[in-house]
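Novice:
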Amino acid sequence: MKLPSVRLYNTFTRRKEELRPLQPGVVRIYSCGPTVYRYAHVGNLRTFMLPDLLRRSLDYLGYRTEQVMNITDVGHLTDDTFDRGEDKMLVAARLEKKSPEEIAAAYTAAFLDDVRLLNIRPADHYPRATAYIAEMIALVGRLLEMGHAYVVGGNVYYDITSFPAYGRLSRNTVEKLVAGYRGEPDPRKRHPGDFTLWKAAGEHRTQVWDSPWGPGFPGWHIECSAMSMSILGDRFDIHTGGADNVFPHHEAEIAQSEAIAGHRVVSLWMHGGLLMLSGTRMAKSAGNFFRVTELEEQGFDPLAFRYLALQAKYRSPLNFSTEGLAGADRAVRQLRERVAAWSGGDGSVDAAFDERFRAALADDLDLPAAMAMVAELARSDLAPGVKAATLQAWDTVLGLDLKRGAMERDLPPGAADLITQREKARAAKDFATADALRERLKKMGVRVADAPLKD
Ligand code: AMP
Ligand code: ZN
Numbered sequence: 030m031k032l033p034s035v036r037l038y039n040t041f042t043r044r045k046e047e048l049r050p051l052q053p054g055v056v057r058i059y060s061c062g063p064t065v066y067r068y069a070h071v072g073n074l075r076t077f078m079l080p081d082l083l084r085r086s087l088d089y090l091g092y093r094t095e096q097v098m099n100i101t102d103v104g105h106l107t108d109d110t111f112d113r114g115e116d117k118m119l120v121a122a123r124l125e126k127k128s129p130e131e132i133a134a135a136y137t138a139a140f141l142d143d144v145r146l147l148n149i150r151p152a153d154h155y156p157r158a159t160a161y162i163a164e165m166i167a168l169v170g171r172l173l174e175m176g177h178a179y180v181v182g183g184n185v186y187y188d189i190t191s192f193p194a195y196g197r198l199s200r201n202t203v204e205k206l207v208a209g210y211r212g213e214p215d216p217r218k219r220h221p222g223d224f225t226l227w228k229a230a231g232e233h234r235t236q237v238w239d240s241p242w243g244p245g246f247p248g249w250h251i252e253c254s255a256m257s258m259s260i261l262g263d264r265f266d267i268h269t270g271g272a273d274n275v276f277p278h279h280e281a282e283i284a285q286s287e288a289i290a291g292h293r294v295v296s297l298w299m300h301g302g303l304l305m306l307s308g309t310r311m312a313k314s315a316g317n318f319f320r321v322t323e324l325e326e327q328g329f330d331p332l333a334f335r336y337l338a339l340q341a342k343y344r345s346p347l348n349f350s351t352e353g354l355a356g357a358d359r360a361v362r363q364l365r366e367r368v369a370a371w372s373g374g375d376g377s378v379d380a381a382f383d384e385r386f387r388a389a390l391a392d393d394l395d396l397p398a399a400m401a402m403v404a405e406l407a408r409s410d411l412a413p414g415v416k417a418a419t420l421q422a423w424d425t426v427l428g429l430d431l432k433r434g435a436m437e438r439d440l441p442p443g444a445a446d447l448i449t450q451r452e453k454a455r456a457a458k459d460f461a462t463a464d465a466l467r468e469r470l471k472k473m474g475v476r477v478a479d480a481p482l483k484d
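Below you can see the structure in the form of structure tokens.
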């Protein structure tokens, strides 16, 4: 079967390119994941929704996907642009009087709950950085042997002048990096833009590993080179992250991975636009953020945030406001009610509408255009059954739980909610929870039959 052509914007070349998976039909994706020292905010979650929308779209178009999302549980410094400050995990551990492992476990669990609330399909692999220290040490050793790095007092730095393509992704030059440098330069670095591969432990007694350069911990950037290449190999199709990851994180990852591999590792770099709050970037450190659970406590459907995000182009910044969210909340509830009203009769997917929907997905995930089609279809004079069938098919991409309204109408009170929870548990391969929910549904007189899970 010939798969449709998909065009995606590549940050590396600054243009839309045709997706050509290395293995025909299978798209392998690495996504930068959360640093688990605090709760994720909806800005972080917008970034994690990008690969979800990518995978759901590719799936709809007939491709298969495999996704790795790392969990950063060590090494992310409080000031990464200039590679200074303390490790965020250690700061959190000190403030909360817990071990870094306890902090990581608690916030990883919270992250996975948030992912479920937003109907983000879980990644196939969630590697933790602390499980890949040996691989990171091996990469740092190779970079030293190859002359891309140097050791000063137990720290290992990457020498950015040794990699001529440094700056290519972010369109930075070494001169611009020097000019942009603020504060005291680190006298141990040959160049202020050099970044840390391995950091000497100093006074830290926790999260320290032995290495050929003495006890310490890895830099943030080397984590993603180690995890991506260990799991996906030294060539894979797509790398995703937020726009703020372009520099320095992904620039550094390219310098590390490509110096070692000797060739391009990532075919396509995709970056999601930032979520803003009153004109500034929503940020954990600045404290101007919302968690998805907070929105839920305020009475919003968590998927209203998903609806809001779908209305903007994924690459554009998106301003978050309570009014905007309230509008999305009304819209998603109304759409569910309409699908409920239209369903029940016969009807199949409208081919002409569906063709346009697919074309929008294939055009760099044009979800705002897809959402406009949802409205157009709803207004059209197609038969109600056709509208319901088409919207339910599209919802495998949109992820708005559009059939919930019909389930709520046709089932005993509370059952639709349990079914939704059970579907999410199954998608996350949490079969114990899924079985427990099946039992509860059975007691309500509702029997569930499962289709086999895809992938
Ligand atoms: P962190 O947990 O701090 O490592 O951040 C996780 C991801 O969230 C990173 O890939 C960032 O690019 C992304 N991110 C951080 N702030 C925002 C924001 N305001 N809007 C969208 N994405 C963001
Ligand atoms: Zn990363």
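Under the working numbering, the residues of the sequence shown are numbered 30 to 484, in order. Don't be surprised by glycine CBs; every beta carbon is placed ideally from N, CA and C.
#1: Residue 42 to residue 115, Cα distance in whole Å?
#2: Near the ligand AMP, which residues have their beta-carbon closer than 5 Å to a heavy atom?
#3: Does the distance from the C-beta atom of residue 65 to that of residue 136 stay below 8 Å?
#4: What is the residue span of the beta strand (DSSP E) that residue 285 lies within?
#5: DSSP three-state call for residue 400: helix, strand or coil?
#6: I need the straight-line Cα distance from residue 402 to residue 110, nearest angstrom please.
#7: Indicate whether the contact test is met: 3 or more Cβ pairs, each with one atom in the region 404 to 423 and one in the region 451 to 461, closer than 8 Å.
#8: In the DSSP assignment, the beta strand (DSSP E) including residue 229 goes from what residue to what residue?
#9: Considering only their Cβ atoms, is the gap separating residue 93 from residue 301 smaller than 8 Å?
#10: How would you write the range of the beta strand (DSSP E) that residue 371 sits in, first residue to last?
#11: May I ask you to report which of helix, strand or coil DSSP gives residue 238?
#12: Using beta-carbon positions only, say whether residue 330 and residue 361 come within less than 8 Å of one another.
#13: Does residue 57 get closer than 8 Å to chain C when you measure Cβ to Cβ?
#14: Just mark residue 381 as buried or exposed, buried being the case when its beta carbon has 16 or more other beta carbons within 10 Å.
#15: Any chance you could list the beta strand (DSSP E) runs of at least 3 consecutive residues sitting entirely within the region 153 to 232, in chain order?
#16: Could you tell me the alpha carbon to alpha carbon distance between residue 219 and residue 181, rounded to whole angstroms?
#17: Look at the alpha carbon of residue 117 and the alpha carbon of residue 157, and state the distance between them as a whole number of angstroms.
#18: Using the Cα positions of residue 311 and residue 305, report the straight-line distance between them to the nearest angstrom.
#19: Just the C-alpha distance for residue 378 and residue 303, rounded to the nearest angstrom, thanks.
#20: How about residue 220: is its Cβ closer than 7 Å to a heavy atom in the ligand ZN?
#21: Counting beta carbon pairs with one atom in the region 173 to 191 and one in the region 129 to 149, are three or more of them shorter than 8 Å?
#22: State the Cα-Cα distance for the pair residue 107 and residue 229, rounded to the nearest angstrom.
#23: Is residue 105 close to the ligand ZN? I mean its beta-carbon at under 7 Å from any heavy atom of the ligand.
#24: Taking the beta carbon of residue 441 as the centre, do at least 16 other beta carbons fall within 10 Å, making it buried, or is it exposed?
#25: Using 8 Å as the cut-off, can you tell me whether the region 280 to 293 makes contact with the region 164 to 174, which would need three or more C-beta pairs spanning the two stretches below that distance?
#26: Less than 8 Å between C-beta atoms, sequence neighbours within five positions excluded: which residues of the same chain meet that for residue 364?
#27: If I follow the unbroken beta strand (DSSP E) through residue 421, where does it start and stop?
#28: If I'm right that residue 67 touches residue 313 with Cβ under 8 Å, what's the distance once you round it to whole angstroms?
#29: Measuring CA to CA, which of 194, 160, 241 is closest to residue 179?
#30: Taking the C-alpha atoms as reference points, what is the distance between residue 153 and residue 297?
#31: Where DSSP assigns a beta bridge to residue 95, which residues make up the other side?
#32: Does residue 484 come out as helix, strand or coil in the three-state DSSP assignment?
#33: Within the present structure, is the beta-carbon of residue 300 separated from the nearest heavy atom of the ligand ZN by less than 7 Å?
#34: Within the continuous beta strand (DSSP E) that includes residue 260, where are the two ends?
#35: Please name the residue, chosen from 159, 469, 338, that lies closest to residue 147 on a Cα-to-Cα basis.
#36: Quick one, which of 90, 200, 69, 100 has its alpha-carbon nearest residue 384's?
Specialist: Taking the structure as given:
#1: 34 Å
#2: 61, 63, 64, 72, 73, 75, 76, 270, 271, 273, 274, 303, 304, 310, 311
#3: yes
#4: Run containing residue 285: none in the beta strand (DSSP E); it sits in the alpha helix (DSSP H), 280 to 290.
#5: helix
#6: 41 Å
#7: no
#8: 224 to 229
#9: no
#10: Unbroken run through residue 371 is the alpha helix (DSSP H), 351 to 371; no beta strand (DSSP E).
#11: strand
#12: yes
#13: No chain C is part of this structure, which consists of one protein chain only.
#14: exposed
#15: 178 to 181, 184 to 187, 224 to 229
#16: 10 Å
#17: 15 Å
#18: 5 Å
#19: 35 Å
#20: no
#21: no
#22: 16 Å
#23: no
#24: exposed
#25: yes
#26: 403, 407, 420, 429, 431
#27: That residue, residue 421, is in no beta strand (DSSP E); its alpha helix (DSSP H) goes 413 to 427.
#28: 5 Å
#29: 241
#30: 20 Å
#31: 57
#32: Since pLDDT at residue 484 reaches only 46, below the 50 mark, its modelled position is unreliable, and no value is offered.
#33: no
#34: Per DSSP, residue 260 belongs to no beta strand (DSSP E); it is in the alpha helix (DSSP H), 249 to 261.
#35: 338
#36: 90
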